[in-house]
Each structure stands twice: as structure tokens, then as C-alpha cells.
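**Q** Please find one structure pasted underneath; my questions will follow.
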Amino acid sequence: MLAPLVAQGAIVRRPRVVALAERLRSDARAADVLHDLAERHGRRPVAVTLGARRLVLPLQHDDARAVLDDSPAPFTPASAEKRAALAHFQPRAVLISPAAVRPALRAWNEHALETGAPVHSAARGVVPTLHGLAGDLAASARARGTLSFDDADGPLWSAALAVTLGPDARHDTCLLGELQTLRRRANWAFAVPQRRALRARFTRHVLDRVRRAPADSLAGAGVLRGGSPPLAATQVPHWLFAFDAARIALWRALGVVAARPRLQDALRAEAVAASAADGPRVLPLARAVVLESVRLWPTTLVVLRETTAPTRWGDVELPAGHGVALVSAWFHRDPDHRPVADAFTPDAWDGTRWTGDDACVVPFSAGPVVCPGQDVVLLTAATLLSDLVRDVRWSPATHPGLADDPLPPTLGHADLRLRAS
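If you count by this note's numbering, then the sequence shown holds residues 2 to 422, one letter each, in order.
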């Protein structure tokens with residue numbers, strides 16, 4: 002069950018493996034394994050042994066919520082696997098920070114990213130840049146008649162760099178190349194040594210960009226909110242890492258929208274209304290479409306925690322040091338909640354809260370360790386989706402099955418192509 006998830010790449014997706022997983026329906030097979038475990042054990046958590054590692058698999062939605070609500074103690078997000086992976090390119094990120102420094106670092110991240118605010122105060126500077134990038138991408142798609150993920154990849158990374166470090170950084174392919182090299186090594190976690198010299202060069206590169214970042218960028222806003230440039234530079238790699246998943250979610254969302262003309266028309270109407278207004282807008286339908294994309298095809302395949310103290314599961318107490326793995330797709334597409342679990346239902350979202358049923362749907366995690374940048378990611382992805390739909394009529398060049406529910410358990414984003422007119 003876990004092997005295909007690991008093979009697809011925890012830090013950087015491996016497109017060929019994701020495409021193979023789609024053909025083999027590996028996510029559906031993993032769900033079948035979990036469903037069998039749930040039926041055999043009455044949905045009680047199951048503890049498994051993987052070599053020297055003991056891992057708990059919660060199978061009940063209430064158990065999953067309890068783990069997330071009780072993070073970072075006794076369920077720390079800084080699991081051994083996560084520390085080994087993220088140390089390759091962001092050793093001081095808040096997600097894997099020690100308990101002694103985590104509260105202050107988390108508070109600063111929330112302050113810098115304005116967690117809970119649907120529109121960041123830097124949006125007046127950021128959103129016009131996004132409009133320009135989306136406009137160029139839409140014009141290119143119309144001229145060619147088609148658009149692939151490879152065609153969109155560069156512009157979407159430019160958007161991430163511009164939002165994080167300012168418009169001048171959007172063409173910094175050197176910085177992006179360093180980040181990608183380090184992230185590919187992070188896929189191997191413990192298995193390969195860290196490239197410390199490259200990481201040091203990358204860190205200096207990020208620090209240089211942070212020092213030049215304008216106030217209406219995430220890094221610039223973070224410095225103004227009590228963070229020194231060196232502090233901000235330790236967190237920026239994780240912000241960029243988060244935008245990688247946002248690109249994939251956006252592209253899958255556009256693929257579904259391309260196959261569903263009525264949904265596309267509704268998004269276009271929202272986009273036209275927003276373009277007539279002054280300043281950035283929340284774009285609730287576009288946000289819900291992106292959220293639904295992440296629900297159906299989670300970009301965090303497994304939410305990992307590690308126990309820092311003994312934990313009680315019913316009448317069993319487990320010692321500290323157990324890993325805990327929440328398989329996102331299992332909870333998001335719980336077979337007991339079908340057919341809605343496999344349907345594209347953006348109207349089930351109220352802001353960032355899932356209202357469709359009582360499932361534990363957590364596209365950006367949840368609880369005290371919820372992703373502090375979820376609102377920034379949604380603002381960016383929704384703005385780009387809205388702009389791309391406003392001036393282009395999309396239709397599927399591949400994956401025509403996205404027009405109807407139920408939707409497939411795996412969707413290889415790199416092979417998804419669209420027609421544009």
C-alpha cells in the first residue's frame with residue numbers, strides 16, 4: 002500500500018511513476034487494502050512493523066482528527082522520515098523545527114503569511130503580476146491551440162517565485178534549479194547523503210533574493226512583520242515547496258473544468274465579475290474548485306506524525322516513538338461515503354471547510370499544524386484559474402473521462418493536455 006505512494010515521490014513527483022500509478026490504479030488498490038483492514042479490525046487503528054519502524058494507521062475519521070488536533074504534542078509533525086527528507090533543502094523549516102523553537106517560528110510564519118485571511122495584504126502587488134503571467138499563458142495556449150503541463154510548468158513556477166520573492170525573481174531559473182536538485186535528493190530521505198555545499202549556495206541565493214524582496218511579496222511582508230532576512234530565508238524554501246503542490250492541484254482542476262462546460266461557464270462569469278471590480282477578490286468558486294481538486298487527488302499523499310509521549314488508543318497504550326500515517330486519499334474518498342466521495346462537488350466547500358459529510362477532509366492538514374500558507378496558496382491558484390478560464394474556452398485533449406463522475410483515484414498531471422480556443 003505504502004510503496005506506490007513513496008515511489009511517486011514525497012517531495013518531488015516522479016511523472017513517469019505517477020502515470021504508471023494511474024494506469025495500474027495503485028491508489029485504488031491501496032484503498033482496497035485499507036478497506037480490508039478497516040473491516041477486519043472494526044476501524045480500530047492498526048499498528049504495523051516496517052523494519053525497525055513501528056507505524057500506526059488510523060482508519061476512523063475521529064481518530065484522524067484527534068491526531069491532527071493534538072499536534073504538535075504528542076503528535077509532532079517532525080517525524081523521522083520528514084526530518085530526513087526536508088533537511089536536504091530546508092533544515093530550519095518550522096515543520097521540522099525542535100519543540101523549543103517551534104512556537105515562535107510558527108507564530109512568525111502565521112504573521113508573515115496572514116493565516117486565516119483569504120486575501121493577503123500583499124495581494125495588491127502580487128495579483129497584478131499573476132494577471133500578467135496568466136494572460137501570457139492564455140495567449141500562448143490560444144495561439145498553439147493546445148496546452149500541456151510542460152507548457153504551463155515554467156509560467157506556474159514564475160508565479161510562485163513572483164508571489165514569494167517579488168516580480169524580479171520570476172525568471173530566476175538558477176534559484177529554481179538549485180531548489181529542484183535538492184528536492185529530488187530529498188525524495189530519497191535517509192538513503193542519500195546531503196549536498197551541503199549546494200544547500201549552502203542555495204541558502205545564500207535565497208537570502209540575497211529576500212533582501213531585495215519588495216514589501217508586497219511574501220518574503221518582504223515577512224521581514225516587515227518582525228523577521229530578519231536570515232530568518233525569512235530559512236522559511237522561504239518551504240513556501241516554494243508548497244507552491245509546487247499548488248501547481249499540480251491547479252492543473253488538475255483546470256483539466257476537470259475543461260471537461261465540464263457548465264462549470265467552466267460559471268467560473269468565467271465569476272472571473273468577469275471580479276475583473277470589473279477594484280482590487281483582488283476572493284473568488285469563492287475558483288477556490289472551491291482548487292480545494293476539490295486537492296480533495297480528490299491529494300498533493301500530500303500521507304500526513305505523517307510521530308508520537309513524543311505514550312499515547313492511548315482505546316484500551317491500548319503505545320510508547321513514544323511510534324510513527325502515525327494518515328493516508329489522505331483514504332479519508333477523502335472513504336468507500337463508506339460513496340458516491341459523493343468520488344464526485345467533483347465544489348459546492349460542498351464553505352471557505353476552506355468541507356461540508357459534504359463527516360469525512361476527515363484535510364487538503365492542507367488541520368489543527369494547530371495546519372498549513373499556515375493555505376490562504377496564500379488558494380489566492381494564487383484561484384486567481385490563475387480564474388484568469389485562464391476568463392479568456393479561453395478549454396476542452397480536453399486527453400482524459401475525456403473527467404467530464405463525468407466518478408472520477409479516477411489517480412490522475413497523472415504530467416500527461417494531461419487541453420485544447421484552447
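Backbone N, C-alpha and C define an ideal beta-carbon position, used for all residues, glycine too.
Is valine 13 near the ligand GTP, with its Cβ less than 6 Å from a heavy atom?
**A** No copy of the ligand GTP occurs in the structure displayed, which carries no ligand at all.
**Q** Taking leucine 87 and alanine 233 to be in contact with their CB atoms under 8 Å, please state how far apart those CB atoms are, rounded to whole angstroms.
**A** The pair is not a contact, with the Cβ atoms about 17 Å apart (cut-off 8 Å).
**Q** In the DSSP output, what is leucine 319 paired with across the bridge?
**A** Leucine 319 is bridged to Thr312.
**Q** Can you tell me whether DSSP reads threonine 301 as helix, strand or coil?
**A** coil
**Q** Using 8 Å as the threshold, is the stretch 320 to 335 in touch with the stretch 352 to 368, meaning 3 or more CB pairs across them?
**A** yes
**Q** Just to confirm my understanding: we take aspartate 217, look at its own chain, exclude 5 residues before and 5 after, and list those with CB closer than 7 Å. What are they?
**A** Ala123, Arg125, Gly126 and Val127
**Q** Could you check whether glycine 374 and leucine 69 sit closer than 7 Å to each other, using their CB atoms as the reference points?
**A** no
**Q** Going by alpha carbons, who is nearest to alanine 65 out of Val47, Arg226 and Val378?
**A** Val47
**Q** By a C-beta neighbour count over all protein chains shown, 10 Å radius and 16 as the cutoff for buried, is histidine 42 buried or exposed?
**A** exposed
**Q** Three or more C-beta pairs under 8 Å: does that hold for the stretch 266 to 276 against the stretch 381 to 390?
**A** At 8 Å Cβ cutoff, the stretches touch.
**Q** Measure the beta-carbon distance from phenylalanine 150 to leucine 417 and round it to whole angstroms, keeping in mind my assumption that it falls under 8 Å.
**A** 6 Å
**Q** Any idea what DSSP makes of leucine 51, helix, strand or coil?
**A** strand
**Q** Just to confirm, is the Cβ distance from glycine 324 to serine 80 under 7 Å?
**A** yes
**Q** Going along the chain, which residues of its own chain have a beta-carbon closer than 7 Å to the beta-carbon of arginine 44, five neighbours each way excluded?
**A** Leu60 and Gln61
**Q** State the Cα-Cα distance for the pair proline 320 and threonine 147, rounded to the nearest angstrom.
**A** 55 Å
**Q** Measure the Cβ-Cβ separation of alanine 272 and valine 390 and say whether it is below 7 Å.
**A** yes
**Q** Please state the DSSP three-state secondary structure of glycine 324.
**A** Of the three classes helix, strand and coil, the one that applies to glycine 324 here is strand, per DSSP.
**Q** Between which two residues does the alpha helix (DSSP H) carrying leucine 177 extend?
**A** Note, leucine 177: alpha helix (DSSP H), 174 to 187.
**Q** Considering just the uninterrupted stretch of the alpha helix (DSSP H) at proline 129, what are its terminal residues?
**A** 124 to 145
**Q** Less than 7 Å separating the beta-carbons of tryptophan 189 and leucine 177?
**A** Taking a C-beta distance under 7 Å as the contact criterion, tryptophan 189 and leucine 177 do not qualify as a contact pair.
**Q** Give the range of the alpha helix (DSSP H) segment to which proline 156 is assigned.
**A** 150 to 166
**Q** Are the CB atoms of alanine 289 and tryptophan 350 nearer to each other than 7 Å?
**A** Against a cut-off of 7 Å, the Cβ pair of tryptophan 350 and alanine 289 comes out as a contact.
**Q** Give the straight-line distance between the Cα atoms of arginine 107 and arginine 143, rounded to the nearest whole angstrom.
**A** 43 Å
**Q** DSSP three-state label for alanine 421, please.
**A** Three-state DSSP puts alanine 421 in a strand.
**Q** Going by beta carbon distance, what residues of the same chain come within less than 6 Å of leucine 96, once the five residues before and after it are set aside?
**A** Pro78
**Q** Would alanine 326 pass as a contact of proline 75 if the rule is Cβ separation under 7 Å?
**A** Between alanine 326 and proline 75, the CB-CB gap reaches or exceeds 7 Å.
**Q** Kindly identify the DSSP beta-bridge partner or partners of glutamate 307.
**A** Thr77 and Gly324
**Q** Should alanine 382 and alanine 170 be called a contact, given that it needs their Cβ atoms to be closer than 7 Å?
**A** no
**Q** Please report the Cβ distance between tryptophan 252 and histidine 132, rounded to the nearest whole angstrom; I am assuming they are in contact, meaning their Cβ atoms lie under 8 Å.
**A** Contact between tryptophan 252 and histidine 132 is ruled out by a C-beta separation of about 19 Å, above the 8 Å threshold.
**Q** For valine 291, which three-state DSSP category applies?
**A** Correct three-state label for valine 291: helix.
**Q** Using a Cβ-Cβ cutoff of less than 6 Å, which residues in the same chain neighbour arginine 296 once the five nearest sequence positions on both sides are dropped?
**A** His333, Val362 and Pro364
**Q** Going by other Cβ atoms of all chains shown within 10 Å of its Cβ, with 16 needed for buried, is serine 98 buried or exposed?
**A** buried
**Q** Are there 16 or more other CB atoms within 10 angstroms of the CB of threonine 50, so buried, or fewer, so exposed?
**A** Answer is exposed; the Cβ neighbour count stays below 16.
**Q** For valine 34, which three-state DSSP category applies?
**A** helix
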